[in-house]
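Read through the structure below, which is laid out as structure tokens, and then see the notes.
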């Protein structure tokens with residue numbers, strides 16, 4: 001399970017401190033698919049980074065009894081001098097898994113051919129995106145965190161990504177943050193809305209959409 005208890009996150013700005021997350025509570029059990037809706041700038045990415053451990057809360061407590069992915073996105077965040085192989089090796093060392101068991105999968109899935117051993121700075125944006133997604137799928141997490149990613153490349157490769165993540169890993173827990181209700185409805189069992197730092201949880205996606213779409217709401 002993943003549990004957040006009274007988690008808050010404050011940032012310092014020129015105009016004083018800003019509270020992005022305000023005493024957020026959240027529980028996610030194995031296999032659950034939770035969607036988090038919020039307008040641009042609502043703090044969705046901050047929340048998902050805190051769940052992953054990439055960022056720390058200003059106050060509150062997080063408990064994790066499941067392995068959690070980094071926030072999945074179609075980008076490579078390492079030095080451009082690294083090759084695709086180097087990138088995979090780095091991630092495997094961080095997570096303590098064998099690279100030999102994952103090389104063929106990443107090469108085949110990313111469809112990089114000889115560019116797998118070329119510097120990432122020589123990749124097109126599509127090639128870098130394919131590499132990032134393939135490496136994300138090479139580690140067997142209990143929970144995948146998905147931050148606003150919907151499609152990459154052509155429709156064939158997009159279908160391939162959806163098959164790998166949402167079909168082959170349908171038994172895994174997922175947290176999907178988005179401002180697109182249709183994407184949440186497609187992949188999630190229940191949803192919550194992040195509004196003015198507060199996380200409003202609902203038992204169904206329909207209830208979350210109704211709240212999210214209220215004209216007078218600040219979400």
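In my numbering, the protein residues as written are 1 to 219.
Every residue, glycine too, gets a C-beta built ideally from N, C-alpha and C.
7 Å Cβ cutoff met for residue i and residue j
{"i": "residue 110", "j": "residue 143", "result": "no"}
{"i": "residue 80", "j": "residue 120", "result": "yes"}
{"i": "residue 177", "j": "residue 48", "result": "yes"}
{"i": "residue 141", "j": "residue 67", "result": "yes"}
{"i": "residue 197", "j": "residue 28", "result": "no"}
{"i": "residue 112", "j": "residue 52", "result": "no"}
{"i": "residue 228", "j": "residue 165", "result": "Given a span of 1 to 219 for the chain in the structure shown, any question on residue 228 remains unanswerable."}
{"i": "residue 89", "j": "residue 99", "result": "yes"}
{"i": "residue 39", "j": "residue 179", "result": "yes"}
{"i": "residue 26", "j": "residue 62", "result": "no"}
{"i": "residue 131", "j": "residue 84", "result": "yes"}
Classification of residue i by the beta-carbon crowding that lies within 10 angstroms, buried from 16 upward
{"i": "residue 138", "result": "buried"}
{"i": "residue 182", "result": "exposed"}
{"i": "residue 192", "result": "buried"}
{"i": "residue 30", "result": "exposed"}
{"i": "residue 9", "result": "buried"}
{"i": "residue 135", "result": "buried"}
{"i": "residue 133", "result": "buried"}
{"i": "residue 11", "result": "exposed"}
{"i": "residue 102", "result": "buried"}
{"i": "residue 184", "result": "buried"}
{"i": "residue 104", "result": "exposed"}
{"i": "residue 35", "result": "buried"}
{"i": "residue 13", "result": "exposed"}
DSSP state of residue i mapped onto helix, strand, coil
{"i": "residue 139", "result": "coil"}
{"i": "residue 29", "result": "coil"}
{"i": "residue 177", "result": "strand"}
{"i": "residue 67", "result": "coil"}
{"i": "residue 189", "result": "coil"}
{"i": "residue 159", "result": "helix"}
{"i": "residue 132", "result": "helix"}
{"i": "residue 52", "result": "helix"}
{"i": "residue 42", "result": "coil"}
{"i": "residue 59", "result": "strand"}
Bridge-paired residues (DSSP) for residue i
{"i": "residue 198", "result": "195"}
{"i": "residue 7", "result": "24"}
{"i": "residue 282", "result": "The question about residue 282 has no answer, for the chain in this structure spans 1 to 219."}
{"i": "residue 146", "result": "72 and 176"}
{"i": "residue 208", "result": "None, per the DSSP bridge assignment."}
{"i": "residue 16", "result": "13"}
{"i": "residue 34", "result": "175 and 190"}
beta-carbon residue i near the ligand GDP non-hydrogen atom, thresh 6 Å
{"i": "residue 180", "result": "Absent from the structure shown: the ligand GDP. Ligands present: none."}
**Study point:** Secondary structure, alpha helix (DSSP H): runs of 4+ residues fully inside the stretch 78-115
**Key:** With a minimum length of 4 residues, the continuous alpha helix (DSSP H) runs that stay inside the stretch 78-115 are 84-95 and 103-110.
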